Structures are given as structure tokens and as C-alpha cells.
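Going left to right, the sequence shown walks through residues 82 to 771 as this note's numbering numbers them. Virtual Cβ for every residue (Gly too), placed ideally from N, Cα, C. Model, not experiment: these values are computed from the prediction. Below you'll find the structure, written out as C-alpha cells, and then a few comments.
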Amino acid sequence: MRRNRLVVRLVLAAAVLAGSQSLLTVPSRSLPRSQAAEPLVQTFRFDQAAATRDARLISARSAALRTAELPSRRTAPFSLLGVSWSDPRAVAAGAIEVRTRSIGTGRWTSWQLLETDNPDASGGSGGPAVRGASDPLWVGPSDGVQARMVATDGGPVPDGLRVDLINPEASSTATPRLDLVAARTGGKRAPGLPARPVPKMVSRAGWGANEMLVKETPSYTGPIQVVFVHHTATGNGYSCGQSASIVRGIEAYQVKSKGWNDIGYNFLVDKCGRIFEGRRGGVHRSVLGAHTLGFNDNSSAIAVIGNFGGIGIPAAARASVAQLAAYKLGAWGSPPAGRVRLTSGGSDRYPAGKPAVLNRISGHRDTGRTECPGNSLYAQLPAIRTIAGGAPAGLRYQSLGGATAYAGRYYSRGLLQPLWNLSTPTRMLDRFEVWLDGRLLAGAPAWHRRSRVRLTPGAHTVAVKAVHLSGRTSVTSERIIADPVPPSLAAPQVSLRVGTLSNTVPVRLGWTTTDAGGVRSVRVTGTTRTVLGGTARALDGSARLGEAGAWTVTAADRAGNVRSASVTRTPMMLPEAGARRTGTWRTLRDPGFLGSEALTASAGRASLSWTFTGRSAALVVGRTATSGRVRIFLDGRDQGVVDLRSATATYRQAVWTRMWRDSGRHTVRVQVEGTAGRPSVMLDGLAYLR
């Protein structure tokens, strides 16, 4: 977080300078397992007297440039370092560079520039022990340091200048482990709503916070109105497995070197997107931090671990920053994509009392003269605001379990199991709400996508509302008609129908079904198998002579309710030879007839009659171009005349049928009409169903 460059080049030598603390020897260049026993902090003081007495003064290209250098030295193990000075209000003008020696390789790094920033002040960072400081730099396990400081134009060297070396692996009261912060409710919730989810993060105990360093209780501020994004400027040369060590190092540096009460940031995010709990006090509460001079009240801070002046943060880190910002702002009803007017408590950009209009998600540089959070990360803030402040996108029903669609409407038997989905990542969601007819029915956690809704008979509107961490919502809804009653279905009937006989007879299956919501389909199984539409009320088929045929009709309504009914019938044949005769009849023999025989007559009033017990009957005849007409009597009643003439000769034809709901004894008599010019008729028998 560079504001200006300190202007003195200082190299810390191996000898202990006047006023510096004593050092421990380093046993080897490989990282020792006992590094936790090494000191947490090593400090090396440098002042004007020491520079005059011990430093080798190097001539500069102008009289205004002075360079003081001290030789390199071995140290106890450390992994993070920074430079601090006595007055926290002092502005370091110039450049500070350091280089370190790796424990693993024994090689010295190239010179690295430390970033300095305008002073920070906040609750928990006041008192006589507070110091000004550069941003810390992560260098990895090291056992040697050299530093230099360049002053130009006669710029002053800050009093009490020193280099602080931090060993994050030093003994502490906590054992580092990746514990996660537990979810809990932030504020009151309506009954039945799940707890507001806390972003998945490593707790203070998880990253090994040294709670013995924190002497004061947390301070709290009002509702969070703005989130400030920072970078730690600790460098990008770290693996994500080292992130917890870096956070421990930052804590130790800000407490032991800067004199603060605790780590200043509320949250930290590494380049892999892993989130770390920062300042103590509760991630769901408005903890007063020390991060953005003049604007720490009613704000929260997220620091991305690394330096992002020349490169942007990876997508995983960007998603975590957006999630945290939405989580903190949304909890207090502050829209992440909006703006807010705040009054400065005093910074080098906004004097105390001056108002500032800020984005709800702002960079550190928006309130102070600093490069933080780096040009590239700052350029990513609009995209982060869009992610953090967006409404849930693409919300839709994926399916409505327990409901079926018909003609653009949905029908259910009463138990609905909606399954929904959306394109917004789960991590950006607060919860889902299920609404029934405008009334909140249930809440579901952000990772749920299904619910159960019990519907009473009638029409209903079932809606799912997705709630973003920002507080914005999206809704999808559907009209559902609940119908728990199956269709009515009368017992199906089977009748003989006109058509050709062989070893089978043509039959018709009929049924009656109704439903208040409408019949969707009818399925027929058994002797005949098919599925028909909801308006079908009959089906033509065939059945084998002399064998029992069975049919089951299943009617399904639009809600999926079903009702079934079955019927069994056996087709039988009464041949012409068994009929009671009047008049003159003679036998015809031809393979086309049933049994290869039929009776023929041409004299008027000649007749054949059959008596049977059954539910349906059909007269079977032969037909030719010269066939005449017959009159049919059923149980003594005239049923009319049937003309048997046909342009083509056909045999085994059922030409007249009747059906009764109940089985009974019936007599069918067929009388020759003696039609002029074509008096002859051929009768092949009577088929019936029993």
C-alpha cells in the first residue's frame, strides 16, 4: 500500500547495531522442525547516530542524494519482514529496499521494494506503542537480511527506524488447523427461515491466531455501509499452503511492530480464493477494524494477500471478495452495487468532517492517497460490484415433482415437490423461500434446490424466491391445480361389432369416465393393449372364439390420479345348422364359410332363429351382388331390414349387432324378405358374447 517511497537506503549488517535487540544463531540452512521455538519477532534498530558511526556512506550522483548501507547479517528464522518507525503520523517519503537469504537454498534474493502507506488509525490501534510502518513482505523461510534506505532532496529519516522480522511459526497458544467458521444467523429471521450462511472461511483458531497478543476486547460500530478492498502488498511469491503463515505473520507484524491491538483487516483472501477470518469479534458482527484511515466506522475491510499493481486477482479470489462484500453489506440492507455518502473522520484525502460519496464496494485509494489495492485489482472492482450486487440469475423450475403439465397448466394430486435451479453460484445466495398463494410457506438453505408443498384441492400459485446475499431477489412461480380425486369410471362393456370373422370376432370395448379437472389418458391392457387420449370412450379390437377375453381400462386424470375397471367376455358361435328353421333352406359348401358351410334361401318368410344367453349378438352372413334383404326380430320385436347386397363377394360378415348391459336369454329370428330380382340370402350363423 505504497503512498510515497522512503528516501533512505539502509542495509542491516550482521553486527548488532547500537540499540538493537540481541539475535539468536541459526543452526542450519534447512528449515528446522524446531522453528516454532525461535522468536516471534526480531527487531533491528537504525538511527542517525548509528548511520554516522557504523554505516559506509556512498557518494550519490547529486548532492541531494544520500545512501547509507549496512552489511548483511545472519538471523534467526523468519518468513515476513517490514520496516517501522516511531511516529505513526509521520509520512515516509522515499524508498526502502530489502533482500533476504533463503534457508532452503542459502541464496540471497534480489532487492525488493517495501510499500509504505498513509497512517492507519482506528479503535484498537491507538496508544503510545503505535508505530508507523511499511507494508509487510512475505519472503518465505529465511535466515539473513539486508536493507537499505535512500533519502533524496535532504528528506528526513523517520525517528526510531527499525526492521522487524516475523516468524509466523513461533510458538503460540493455538495449533494451526483449517477450522471453518460456523454459520449463524446475522440478525432476526422470520420463523422457518434458515440461518444466514457465513462464507466458508478459515477461523482464527484455524489459521493459528496468537490470541495472547490481543490484549483488548473488540470494539463495534454501526451498520456496515461500505466494504473497502485492500491488498496486503506482501508479494505474490507464495503458495496457498503458506497463506495461514502469512496471516499469522501479518497479525504479529501489525501487533508487535505497528503496536495495534489486533490484525487490522476484518477478512483476508489468498490468491486461491480461501477466506481467513481477520480481526476478532465475530464475522457476523460490525467489528471496528484498523484499515482505512478516517472511514473505519460503519465499514468492513477485505485484504487480498499479495500485490496487485500489475496483475489482477485470480477468478477464485475475485469470487471470494464479492461473496464477502455481499455478505457484509447485505446483512445490513446496504446494496453492494450502490453508493453511499459518508463523513470522514480525517484522512489525507478527506479532512475530518468532509463528506465523501463512495461506492459501497470501494478501494482503499478512494479515501486516501495510496496505491492500494493496486491498479489491476482496483480495475476489477466494477466486476466485483456486479457479482456482489446482482440479483439471482436464471431462476427456473427444473421440474415439478408430483405435477403433470397439460395444455400449458399443471395438475397435482396434492403433494408437490418442486425442483428448481439457477445460474448464480450457491456461494452468492442467502436462502430460498417457498411461497403458496402469497404466503411464506417454508425457507430452504442456499444449497437446497427442492421442497415439499402440500396442496388443498383447487387452484394455487406456488412460487420460489431466491434471495441473494446482497438482499436482491428473483422469483419463479407456477399455477397448480390440485385434484386428489381419481376419475369416475363405470364398468367397461364389450360388444360385438360389424366386421369379418375368422377364428376371432370383431369386438368393441366401451367405457364411461369423467373427472372435474379433465381426463388425461386412458390405458387399455389385456386382450387388447393401447393408450388413448382422455376423450376416447371406445376401442375396436378382436377376441378369439371360444376363449375368454379380459380387458382392463385405466383412466388417468391430469393430476395423475387413476382408476381402473375390468371386464371378461367369451365369444361363442351358434352355427346355421343349429338354428330353428321355417320355410325351405339348403346347404352351401365353400371354404369361405365358417365351418365351410352356410344355409341359403330365397322364398319370402323363410326364417332361421337362435336362442342363447349372453350380453351381445351378431348375425353372420355371406354377401354378394345378388344378395337380398332380411328382416330381423329380437325377442319377438321387429328390428328392421338389413340389405345383404355387396358389390364384391364377402363371407363371414357380421352385419347386425346388439348389446345388453346385463346377461340375459334372447332369441334372434332372421326372416327372408324375398327381394325382387335378388331374393336369395346366405346365413352363416349367430355369434354372441357370454
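Would you mind giving the Cβ-Cβ distance between residue i and residue j, rounded to the nearest angstrom? I have them listed as a contact below 8 Å.
| i | j | result |
| --- | --- | --- |
| residue 370 | residue 345 | 6 Å |
| residue 534 | residue 543 | 6 Å |
| residue 408 | residue 550 | 5 Å |
| residue 394 | residue 352 | 7 Å |
| residue 478 | residue 557 | 6 Å |
| residue 766 | residue 657 | 5 Å |
| residue 182 | residue 224 | 6 Å |
| residue 309 | residue 365 | Residue 309 to residue 365, Cβ: 18 Å. No contact. |
| residue 343 | residue 336 | 7 Å |
| residue 564 | residue 640 | 4 Å |
Closest to residue i by C-alpha separation, out of the options, would be which residue?
| i | options | result |
| --- | --- | --- |
| residue 652 | 677, 663, 646, 622 | 622 |
| residue 498 | 505, 445, 492, 482 | 482 |
| residue 572 | 584, 636, 553 | 636 |
| residue 735 | 589, 449, 610, 375 | 589 |
| residue 228 | 728, 422, 125 | 125 |
| residue 416 | 770, 616, 762, 443 | 443 |
| residue 193 | 162, 169, 396, 439 | 162 |
| residue 507 | 515, 404, 579, 411 | 404 |
| residue 248 | 610, 332, 632 | 332 |
| residue 695 | 725, 748, 469 | 748 |
| residue 338 | 703, 242, 289 | 242 |
| residue 399 | 334, 566, 469, 625 | 469 |
| residue 732 | 700, 716, 760, 187 | 700 |
Suppose the cutoff is 6 Å on Cβ atoms and the five residues either side in sequence are ignored; what does the same chain contact list for residue i look like?
| i | result |
| --- | --- |
| residue 742 | none |
| residue 594 | 568, 570, 600, 636 |
| residue 661 | 690 |
| residue 144 | Confidence at residue 144 is low in this model, with a pLDDT of 43, below 50, so the placement of that residue should be treated as unreliable; the coordinate-derived value is given next. The answer is none, since no qualifying residue turns up. |
| residue 779 | A query on residue 779 cannot be resolved here, the shown segment of the chain reaching from 82 to 771 and no further. |
| residue 401 | 350, 354, 356 |
| residue 130 | Summary for residue 130: the model assigns pLDDT 45, below 50, so the residue's position carries little reliability; its value from the coordinates is reported in the next sentence. Once the five neighbours on either side are set aside, residue 130 has no close Cβ partner at all. |
| residue 750 | 688, 690, 714 |
| residue 108 | With a pLDDT of only 31 at residue 108, under the threshold of 50, the placement of this residue in the model should not be trusted, and no figure is reported. |
| residue 719 | none |
The beta strand (DSSP E) spanning residue i covers which residue range?
| i | result |
| --- | --- |
| residue 458 | Unbroken run through residue 458 is the alpha helix (DSSP H), 456-470; no beta strand (DSSP E). |
| residue 194 | 193-195 |
| residue 576 | 574-577 |
| residue 308 | 307-312 |
| residue 645 | 643-650 |
| residue 591 | 585-591 |
| residue 378 | Run containing residue 378: none; DSSP gives neither H nor E here. |
| residue 623 | 619-625 |
| residue 341 | First-last for residue 341: undefined, no H or E at that position. |
| residue 768 | 762-770 |
| residue 702 | 688-704 |
| residue 682 | 678-682 |
| residue 366 | Neither: residue 366 is in no beta strand (DSSP E) and is coded neither H nor E. |
| residue 669 | 667-670 |
| residue 661 | 661-663 |
Excluding sequence positions up to five away, which residues of its chain have a Cβ less than 7 Å from the Cβ of residue i?
| i | result |
| --- | --- |
| residue 754 | 685, 709, 710, 711, 712, 722 |
| residue 663 | 687, 688 |
| residue 390 | 452, 455, 456, 457 |
| residue 484 | 491, 492, 493, 497, 561 |
| residue 517 | 534, 541, 543 |
Determine which residues share a DSSP beta bridge with residue i and list them.
| i | result |
| --- | --- |
| residue 602 | 614, 637 |
| residue 509 | DSSP output for residue 509 lists no bridge partner at all. |
| residue 358 | 348 |
| residue 521 | 516 |
| residue 546 | 514, 556 |
| residue 440 | 420 |
| residue 713 | 721, 751 |
| residue 501 | 478 |
| residue 247 | 122, 161 |
| residue 561 | 491, 541 |
| residue 178 | 194, 229 |
| residue 656 | 766 |
| residue 738 | 699 |
| residue 551 | The partner list for residue 551 (beta bridge, DSSP) is empty, contrary to what the question assumes. |
| residue 607 | 632 |
If I follow the unbroken alpha helix (DSSP H) through residue i, where does it start and stop?
| i | result |
| --- | --- |
| residue 332 | 324-333 |
| residue 288 | 285-288 |
| residue 411 | 396-411 |
Among the residues of its own chain, which have a CB less than 8 Å from the CB of residue i, if the five just before and after it don't count?
| i | result |
| --- | --- |
| residue 511 | 277, 278, 411, 527, 548, 549, 550, 552 |
| residue 112 | In this prediction, residue 112 has a pLDDT of 42, which is less than 50 and means its spatial position is unreliable; what the coordinates show is noted afterwards. So the list reads 158, 184, 185, 222, once near-sequence residues are dropped. |
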